[in-house]
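Trainee:
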Amino acid sequence: MKTWRNWLGNVTASPHDLVTPASTSEVVDCVERASRRGERVRVVGAGYAWSPLVPVEGTLLSTARLRAVRRVDVERQQVTIEAGATVRELVDFVTAHGMSVRSPSMFMGLSVGGLLATGSHGTGLDAATFGDAVTSFELVTPDGSVRTVTDVDSPLARALLCNLGALGVVTAVTLQCRPAFNVQEVHAPADIDDVAALIPSMLAENDFVELFWMPPSRRAKFKLGNRTSRPATPVTGRRHPSAGDHFIAGLSPLFPYLAHLRPILDPLAQTVYDRIGTGVRVVSAPDFAHYNQAYPRCISSEFGIPIERAPEAWRWIHGRLRRYGDAGARPVSLIVHARFCGPSRALIAPSAGRATCHLEVLSFHGNEHRHLFGEDFDLVMRSRFDGRPHWGKEIFNPAEAASGYGDNLGVFLDLRRELDPRQRFLNPFLRDQVFGLGRRLRAAPHDRRDAQRTD
Ligand SMILES: Cc1cc2nc3c(=O)[nH]c(=O)nc-3n(C[C@H](O)[C@H](O)[C@H](O)COP(=O)(O)OP(=O)(O)OC[C@H]3O[C@@H](n4cnc5c(N)ncnc54)[C@H](O)[C@@H]3O)c2cc1C
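In terms of this note's numbering, the sequence shown is residues 1 to 455.
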């Protein structure tokens with residue numbers, strides 16, 4: 001029995017076996033061995049997901065040794081990379097070859113396979129999920145065969161674009177990149193009461209838009225980016241963690257215990273935050289990224305809502321958090337964050353089929369008020385704003401998480417069943433809570449032995 005924990009330590013598992021294959025054929029061996037033992041398999045990339053997608057009692061297959069670049073074609077602006085590589089490794093490689101990934105502004109510690117599995121995204125209306133730039137997938141299916149999927153509009157490719165690790169192991173992908181470009185970055189402060197009204201014009205006038213608000217401040221900040229041919233100035237800490245990132249991450253376990261110091265700490269934090277990235281500067285596209293690359297101990301919940309509902313949803317969040325604040329509660333102790341993306345081809349990514357505002361609330365882990373607002377946020381985003389939760393972030397109501405996908409969900413589940421009739425690549429979170437398949441599984445005679453397992 002091995003032990004595994006995710007980055008934050010809020011999700012743990014005790015798999016029977018933890019394997020780290022270094023090639024596609026070794027992945028096939030691992031999948032076949034698990035199948036002979038009658039064990040379930042789950043895949044883990046960088047282990048950052050906050051939701052319990054990874055835990056399994058059987059075989060946990062890590063992609064940590066699958067990180068090679070297999071092929072680069074500068075003329076066609078394509079790179080074939082193994083799924084365990086991190087965004088940082090990918091970005092450093094394509095930058096060195098004069099290219100840029102299509103979806104900037106993602107945290108660089110995540111793995112290519114993990115991003116793909118959860119429909120993860122950066123910001124920018126001409127990019128949807130990270131995976132929408134994939135032109136070819138290499139997949140080891142649950143029966144141990146290797147498939148190459150190149151028809152990107154096929155149902156299987158669309159399912160792989162947000163696969164939840166439930167269709168097998170993605171071992172490598174070919175990504176369509178674009179020529180390297182620079183971005184003029186501007187941080188525009190806005191009074192919190194004006195933010196909602198400003199969102200449409202910010203989206204109309206800029207290539208990349210992000211929005212940050214640190215409650216209970218009266219100020220929010222737009223981070224705006226526009227492509228430019230002007231030369232870039234290097235920025236530290238956007239691709240690789242800075243000393244400051246490590247310092248704050250190291251101190252962060254103390255933050256929940258410092259709540260009584262809020263009257264002093266809030267203005268201090270706001271002053272530091274106001275100074276981040278002020279002014280206008282030109283950065284290379286990969287440097288138009290997250291402010292920190294070593295995270296404090298925090299936890300996030302996020303919904304993708306139709307982009308045109310963003311102003312209304314922002315007003316709701318602001319009003320609700322202000323009411324909590326008036327009552328002395330601080331359920332979002334870090335930041336409210338919005339990013340905006342185009343429609344995804346994925347079957348079940350939050351941005352499937354529609355331009356999306358990704359609205360995220362981030363709190364320090366250990367915040368005792370977090371659940372109060374989290375449950376409100378979940379209910380209101382789903383019921384009032386047609387929201388779909390980010391699969392890799394905290395999911396307050398798993399039974400409703402897949403409910404916003406209409407017929408796409410049926411297509412996904414049919415494909416999944418075809419590839420994995422014995423449900424080897426599901427764990428109880430997905431099988432029972434998200435997809436509600438538990439009862440059917442127990443009724444199937446060939447799966448009785450599995451049904452007794454508790455993983
Ligand atoms: C600090 C932090 C920053 C984040 N920033 C962003 C962001 O900028 N944008 C965003 O959209 N999300 C973001 N997220 C959420 C994150 O993108 C997802 O949780 C993502 O899945 C994490 O990637 P990972 O490699 O850590 O995946 P893991 O946590 O290792 O796995 C997540 C899922 O992917 C599956 N999986 C992993 N590799 C494979 C593979 N090769 N084949 C099949 N399935 C696989 C696993 O089975 C599991 O279901 C962030 C999360 C954290 C903690």
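The beta carbon of each residue, even a glycine, is placed where N, CA and C say it ideally should be.
May I ask you to verify whether the region 76–85 touches the region 109–120, counting CB pairs closer than 8 Å and requiring at least 3?
Mentor: Yes, the region 76–85 is in contact with the region 109–120.
Trainee: What whole-angstrom Cβ distance do residue 140 and residue 28 have, given they're in contact under 8 Å?
Mentor: Going by Cβ atoms, the distance from residue 140 to residue 28 rounds to 6 Å, so yes, they are a contact pair.
Trainee: Since residue 382 and residue 404 are thought to touch, with beta carbons under 8 Å apart, how far apart are those beta carbons, to the nearest angstrom?
Mentor: Yes, they are in contact, since the Cβ atoms of residue 382 and residue 404 sit about 7 Å apart, within 8 Å.
Trainee: What residue from 428, 195, 245 has the CA that sits closest to residue 312's CA?
Mentor: That would be 195, whose Cα lies nearest to the Cα of residue 312.
Trainee: Could you check whether the Cβ of residue 310 sits closer than 7 Å to any Cβ belonging to chain B?
Mentor: In the displayed structure, chain B is absent; only one protein chain is listed.
Trainee: Does the region 179–196 come close enough to the region 150–159 to have 3 or more Cβ pairs within less than 8 Å?
Mentor: Because the criterion of three Cβ pairs below 8 Å is not met, the region 179–196 and the region 150–159 do not touch.
Trainee: Taking all protein chains shown into account, do 16 or more other C-beta atoms lie within 10 angstroms of the C-beta of residue 254, making it buried, or fewer, making it exposed?
Mentor: Answer is exposed; the Cβ neighbour count stays below 16.
Trainee: Mapping DSSP to helix, strand and coil, what is residue 171?
Mentor: It is a strand residue.
Trainee: Between the Cα of residue 295 and those of 242, 164, 233, 341, spot the shortest distance and give me the residue it belongs to.
Mentor: Nearest C-alpha to residue 295: 242.
Trainee: Residues in its own chain within less than 6 Å of residue 43 by CB, not counting five upstream and five downstream?
Mentor: Answer for residue 43: 61, 165, 169, listed in chain order.
Trainee: Are residue 340 and residue 209 touching if we call contact CB-CB under 7 Å?
Mentor: Yes. Within cutoff.
Trainee: Quick check on DSSP: helix, strand or coil for residue 249?
Mentor: Note: residue 249 maps to helix in three-state DSSP.
Trainee: Less than 6 Å between the CB of residue 106 and some heavy atom of ligand 1, yes or no?
Mentor: Residue 106 Cβ: within cutoff of ligand 1.
Trainee: Shorter than 6 Å, the distance from the beta carbon of residue 42 to the closest heavy atom of ligand 1, or not?
Mentor: Correct: residue 42 has its Cβ closer than 6 Å to ligand 1.
Trainee: Quick one: measure Cβ to Cβ for residue 289 and residue 105, integer angstroms, because I've assumed they're closer than 8 Å.
Mentor: Between residue 105 and residue 289 the Cβ distance is about 5 Å, and since that is below 8 Å, they are a contact.
Trainee: With three or more C-beta pairs closer than 8 Å as the rule, is the region 388–407 touching the region 416–427?
Mentor: Counting Cβ pairs under 8 Å, fewer than three are found: no touch.
Trainee: Quick one: is the Cβ of residue 121 within less than 6 Å of any heavy atom of ligand 1?
Mentor: Result yes, Cβ under 6 Å from ligand 1.
Trainee: Buried or exposed: which applies to residue 287, given that a residue is buried once 16 or more other Cβ atoms fall within 10 Å of its Cβ?
Mentor: Buried.
Trainee: Can you check the region 280–367 for any alpha helix (DSSP H) of at least 4 residues that lies completely inside it and give the ranges in chain order?
Mentor: Runs of the alpha helix (DSSP H) inside the region 280–367: 310–326.
Trainee: Just checking residue 148 against ligand 1 - is the residue's beta carbon closer than 6 Å to any of the ligand's heavy atoms?
Mentor: No, since every heavy atom of ligand 1 falls outside the 6 Å radius drawn around the Cβ of residue 148.
Trainee: Where do the N-terminal and C-terminal ends of the alpha helix (DSSP H) with residue 408 fall, by residue?
Mentor: That run of the alpha helix (DSSP H) goes 407–419.
Trainee: According to DSSP, simplified to helix, strand and coil, what is residue 15?
Mentor: Here residue 15 sits in coil by DSSP.
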